[in-house]
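Here the structure comes first, spelled out in structure tokens, and everything after it is commentary.
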Amino acid sequence: MKRTHHCNELRASDAGRAVILTGWVHSRRDLGGVLFIDLRDREGRTQTVFDPSDLPPAVFDAASKLHAESVIEIEGKVRNRPEGTRNAKILTGEVEVQVQSMTVLNPSAILPFQVDDPEVANKVNEELRLQYRYLDLRRPEMMRNLRLRSKVAIATRSYMDDQGFLEVETPTLFKSTPEGAREFLVPNRREPGTFYALPQSPQQFKQILMVSGVERYFQLARCYRDEDLRADRQPEFTQVDIEMSFIEREDIYALIEGLLKRVWKTALNMDIPTPFKRISFEEALNRWGIDKPDTRFGMELVDFTEEFRGSKFGVFGNCVAGGGVIKAMNAKGLAGATQGQLETMTEYAKSFGAKGLAFIKVENGEWKSPIVKFFNDAEKAALTEKLGIEQGDLILFAADQWLNACEILGKIRLYCAEVLKAQGKLVIDPARFDFLWVVEFPLLGFDREMNRWYSSHHPFTAPVAEDIPLLKTDPKKVRGQHYDIVVNGVELGGGSIRIHQADVQKTIFEELLQIPAEETQLRFGYMLEAFKYGAPPHGGIALGFDRLCAILCGTTSIRDVIAFPKTAKGTCIMTSSPSAVTGRQLRDLHIEVKAAKKEA
RNA sequence: GGGGGUGUAGCUCAAUUGGUUAGAGCGCUGCCCUGUCACGGCAGAGGUUACGGGUUCGAGCCCCGCCACUCCCGCCA
Numbered sequence: 332m333k334r335t336h337h338c339n340e341l342r343a344s345d346a347g348r349a350v351i352l353t354g355w356v357h358s359r360r361d362l363g364g365v366l367f368i369d370l371r372d373r374e375g376r377t378q379t380v381f382d383p384s385d386l387p388p389a390v391f392d393a394a395s396k397l398h399a400e401s402v403i404e405i406e407g408k409v410r411n412r413p414e415g416t417r418n419a420k421i422l423t424g425e426v427e428v429q430v431q432s433m434t435v436l437n438p439s440a441i442l443p444f445q446v447d448d449p450e451v452a453n454k455v456n457e458e459l460r461l462q463y464r465y466l467d468l469r470r471p472e473m474m475r476n477l478r479l480r481s482k483v484a485i486a487t488r489s490y491m492d493d494q495g496f497l498e499v500e501t502p503t504l505f506k507s508t509p510e511g512a513r514e515f516l517v518p519n520r521r522e523p524g525t526f527y528a529l530p531q532s533p534q535q536f537k538q539i540l541m542v543s544g545v546e547r548y549f550q551l552a553r554c555y556r557d558e559d560l561r562a563d564r565q566p567e568f569t570q571v572d573i574e575m576s577f578i579e580r581e582d583i584y585a586l587i588e589g590l591l592k593r594v595w596k597t598a599l600n601m602d603i604p605t606p607f608k609r610i611s612f613e614e615a616l617n618r619w620g621i622d623k624p625d626t627r628f629g630m631e632l633v634d635f636t637e638e639f640r641g642s643k644f645g646v647f648g649n650c651v652a653g654g655g656v657i658k659a660m661n662a663k664g665l666a667g668a669t670q671g672q673l674e675t676m677t678e679y680a681k682s683f684g685a686k687g688l689a690f691i692k693v694e695n696g697e698w699k700s701p702i703v704k705f706f707n708d709a710e711k712a713a714l715t716e717k718l719g720i721e722q723g724d725l726i727l728f729a730a731d732q733w734l735n736a737c738e739i740l741g742k743i744r745l746y747c748a749e750v751l752k753a754q755g756k757l758v759i760d761p762a763r764f765d766f767l768w769v770v771e772f773p774l775l776g777f778d779r780e781m782n783r784w785y786s787s788h789h790p791f792t793a794p795v796a797e798d799i800p801l802l803k804t805d806p807k808k809v810r811g812q813h814y815d816i817v818v819n820g821v822e823l824g825g826g827s828i829r830i831h832q833a834d835v836q837k838t839i840f841e842e843l844l845q846i847p848a849e850e851t852q853l854r855f856g857y858m859l860e861a862f863k864y865g866a867p868p869h870g871g872i873a874l875g876f877d878r879l880c881a882i883l884c885g886t887t888s889i890r891d892v893i894a895f896p897k898t899a900k901g902t903c904i905m906t907s908s909p910s911a912v913t914g915r916q917l918r919d920l921h922i923e924v925k926a927a928k929k930e931a
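Each residue of the first sequence is one higher than the last, beginning at 332 in my numbering.
As structure tokens, this is what we get:
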């Protein structure tokens, strides 16, 4: 190693020391007679001084011509900066290095965008940042994210090791199991027409590991889903995958609470209180209209079904008569909502099949609304009391079947929060983290089009024991032993106690999900077989590692915590992948491409 | 698959809403400058307004198409 110190190391006490520093030219300030270069490496930066009075002219000349981000090595002497020239903004601001010699290790071309000024760099088009990701990652903000991600991964491994878990790697060339997400397929050269699939998760392998007697397994597992992307979804992502034997749900709650406690302490030096609150699926929908509620602000949903039973307002009265519910929400301080904002909310309602969105604007001492004239005094009094209506409020209603009504207002609640945040009327402490477990999900949902049940989580989730008899009589009532961990409205992960009895698993596959017996055998036969030979009761969970890091870094886009992420269309701009391959490669794989690639 | 947004100098953004030669800051090039740290000063170069059509006397601006990026819905067992 050539350097004696890194660029965030020298302090006043080092004055007089001869040092060698290496790094990138962060910025250069040429005052004519004297030249300052801030040298930056991964750790930070140090000011170096080029004074022509004690430097060969050639060195001074070369230094004055350096472009930003050139890589250099300097040798010099540390000295305290003259009084009044110290820089309190950087940790090395007390000192500077008086350069005696310099080597240009590699000059840099002129940059496509500036990386030295964070205010400028933060605004650079993400497309350009992705094309030159290596430059983007040099920015201290991005380097901080990479470093934090690494710390969190190591803390996770250390905690899981402390808890007696084995890290086991599972294959990424797996079998296609076309339930759920679309898979990436990998052609098999050795047998034409057969394919591997990249795993959507190591779910089946980790359950097999339980049958193997591993008892406690974890993995930072790369997973692949060929679905459309979002700010919080990439085609390949990392999950903290966990499975345990001989446990109940409580064991998972305690394990994960301990893990997140360790992670928050490591990453943010914060002590988060445990245990986390637990909320049933039904309560989450009733109060927040979503199964991953953001509980950092109010505006909860309120039920008015009884108040509007037989109401003169036909839409409400008929809805209740038809078995539906009336839900309302008070968007505090949003009476001034624009026509456009109300239209956006109405669109949300319509996207859930509602005909429109009823509202009341409370302004200038009156209720402005096309529907208020139908309300009687008792109905008005109930609204005022249960919603705490005040001047400046906006009241929104949903009248529909229970799930729909809840989900409509749940969407609108989140939209209203965004509007209020933008107006400065809603402020949320960035250091606030509301963790909660969402539990007691229904095991199954019914698909009317396909006329069959589907797993609301996945088909390996165990029913609550006392509900097992209902599987054959009243599947809708069966609760699953499933749990989601939610923080600030983000689904951080989910898991369940699994089915470990081959016969129960077979019933789920064949009778409820109506997968034909021979297909069950083809896809899951090996699992059912494994379960015959002493499968222990087991359960587990998977946490989205990218989302976890994003939350800790205070960003909403997981691209900011992934070194080389893909664009919304699943491409890598830097390497131009995916790309066409040669005819020979295709022949080897016995593949013929039918749709011609468009000319570039 | 659907809906919204964006695309103007290397970067970030303007352009009086269809009107003369498309501007600014940063960056870049040259010159000046011995205590800067967003150094400063002077001068200069740099544009197929993403791309292809159309309407118009005239298009960065309007229309059609197309590409890329982005946000959302669907989708994500």
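The C-beta atom is built at its ideal place from N, Cα and C for all residues, glycine as well.
Computed from a predicted structure; not experimentally measured.
Environment of ASP385 [buried if 16+ CB atoms lie within 10 Å] = exposed
Would you check if there are 3 or more beta carbon pairs closer than 8 Å linking the segment 798 to 809 to the segment 569 to 585?
-> no
Identify, in the order they occur along the chain, each residue of the same chain with its Cβ nearer than 7 Å to the Cβ of LEU479, setting aside the five sequence neighbours on each side.
-> ALA598, CYS880, LEU883 and CYS884
For ASP760, is the classification buried or exposed, using 16 other Cβ atoms within 10 angstroms of its Cβ as the cut-off for buried?
-> exposed
Which word fits ASP834, buried or exposed, when buried means at least 16 other C-beta atoms lie within 10 angstroms of its C-beta?
-> exposed
Mind checking who ARG376 pairs with in its DSSP beta bridge?
-> ARG371
Would you mind sorting PHE777 into buried or exposed? The rule is 16 or more other CB atoms within 10 Å of its CB.
-> exposed
Going by DSSP, name the residue or residues bridged to PRO794.
-> GLY811
Simplified DSSP assignment, three categories, for GLY544 | coil
Go through its chain and collect everything with a Cβ distance to ASP345's Cβ below 7 Å, but skip five positions before and after it.
-> VAL409 and VAL426
Where ILE922 falls: helix, strand or coil (DSSP) | coil
Identity of the residue in VAL892, GLY347, LEU341 and ASN453 nearest THR569 by Cα = VAL892
Does the segment 681 to 689 touch the segment 732 to 751, meaning 3 or more C-beta pairs lie closer than 8 Å?
-> yes
Return the Cβ separation of THR501 and VAL430 in integer angstroms, given the expectation that the two are a contact with Cβ distance under 8 Å.
-> About 53 Å separates the two Cβ atoms, so there is no contact after all.
Determine the closest residue to GLY655 out of LYS663, ASN661, VAL646 and ALA662, with distance taken between C-alpha atoms.
-> VAL646
When the Cα atoms are used, what is the spatial distance from LEU442 to LEU468?
-> 14 Å
Any idea what DSSP makes of MET660, helix, strand or coil?
-> strand
Reference GLU400; option with closest CA among LYS420, ALA389, ASP372 and GLY415 | ASP372
Under a three-way DSSP split, which group does PHE764 fall into?
-> coil
Output the distance between the C-alpha atoms of ILE726 and ARG744, rounded to the nearest integer angstrom.
-> 11 Å
Would the beta-carbon of PHE628 fall within 8 Å of that of ALA689?
-> no
Can you tell me which of the three DSSP states VAL912 falls into?
-> coil
How do the segment 773 to 787 and the segment 854 to 867 stand: do at least 3 beta-carbon pairs fall below 8 Å, yes or no?
-> no
Which of helix, strand or coil DSSP assigns to LEU802 = helix
What are the start and end residues of each continuous beta strand (DSSP E) run of 3 or more residues lying completely inside the segment 399 to 467, in chain order?
-> 402 to 411 and 426 to 437
Going by beta carbon distance, what residues of the same chain come within less than 7 Å of ARG488, once the five residues before and after it are set aside?
-> GLU498
Starting from the C-beta of SER642, find all residues in its chain whose C-beta is less than 6 Å away, skip the five residues before and the five after it, and write them out in chain order.
-> GLY648
Report, in whole angstroms, the separation of the C-beta atoms of VAL703 and PHE764, which I expect to be a contact under 8 Å.
-> With a Cβ gap of about 40 Å, VAL703 and PHE764 do not count as contacting.
Starting from TYR785, trace the beta strand (DSSP E) both ways and give me its first and last residue.
-> 783 to 786
What is the DSSP secondary structure of ARG334, reduced to helix, strand or coil?
-> coil
So VAL571 and LEU874 are in contact, right, with Cβ under 8 Å, and what is the actual spacing, rounded?
-> 4 Å
Between which two residues does the beta strand (DSSP E) harbouring MET630 extend?
-> Here MET630 belongs to no beta strand (DSSP E), and DSSP marks it neither H nor E.
To which residues does DSSP link GLY826 through a beta bridge?
-> TYR814 and ILE872
Alpha-carbon to alpha-carbon, ILE904 and ALA894 = 13 Å
3-residue-minimum beta strand (DSSP E) runs that sit fully inside the segment 701 to 765, ordered along the chain | 725 to 731
Taking buried to mean at least 16 other C-beta atoms within 10 Å of its own C-beta, is LYS396 buried or exposed?
-> exposed
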